[in-house]
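S.K.: A single structure is presented below for examination.
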Amino acid sequence: MSDPLIRRRDEIEYETVDAADGLEKGVLVSDDHGAPHFAIRRFVLEPGAAVPKHTNDVEHEQYVLEGEYTVGIGDEEYAVEAGDSLLIPAGTVHWYRNEGDDPGAFICAVPNGDDEIELLE
């Protein structure tokens, strides 16, 4: 059984994501913090940033916190904004592009374990 946990915003460390310039990730809660099943992470996509086409071994559930940006999922493009939710099934090709003037930010929940990314470009 896990212990309850509160992590304050000043405890979250953000790091750049190697797969894309202008994308930062902060791990909010994961197995490292005692979460038995899922990890939640916060991503920030800076203006002008793009994440290339890729796949992941695990599903992604996302919730857009702020900004507006484009997400490609499979062969479709979607304009998303704060309050929108996404499901990206495991193995699905997807990408991101922020052509706006403001950062985009989203929460991403994934199962614990290896989240292997495969770049396609």
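Each number in the numbering used here corresponds to the 1-based position in the sequence shown with 1 added. The beta-carbon is built from N, C-alpha and C at its ideal position, and this holds for glycine as well.
Does DSSP put residue 42 in a helix, a strand or coil?
M.R.: Three-state result, residue 42: strand.
S.K.: Under DSSP, the beta strand (DSSP E) around residue 66 begins and ends at which residues?
M.R.: 61 to 67
S.K.: For residue 12, which three-state DSSP category applies?
M.R.: Reduced to three states, the DSSP call for residue 12 is helix.
S.K.: Is the Cβ-Cβ distance between residue 51 and residue 68 less than 8 angstroms?
M.R.: no
S.K.: Considering only their Cβ atoms, is the gap separating residue 28 from residue 20 smaller than 8 angstroms?
M.R.: At least 8 angstroms separates the beta-carbon of residue 20 from that of residue 28.
S.K.: Measuring CB atoms only, is the stretch 4 to 21 touching the stretch 60 to 74, in the sense that at least three cross pairs come out at less than 8 angstroms?
M.R.: no
S.K.: Which same chain residues, not among the five before or five after residue 61, have their C-beta less than 7 angstroms away from its C-beta?
M.R.: 89, 109, 111
S.K.: Under 8 angstroms between the Cβ atoms of residue 81 and residue 65?
M.R.: yes
S.K.: Identify, in the order they occur along the chain, each residue of the same chain with its Cβ nearer than 6 angstroms to the Cβ of residue 79, setting aside the five sequence neighbours on each side.
M.R.: 72
S.K.: Work out the CA separation of residue 76 and residue 122 for me, nearest whole Å.
M.R.: Rounded to whole angstroms, residue 122 to residue 76 spans 15 angstroms at the Cα level.
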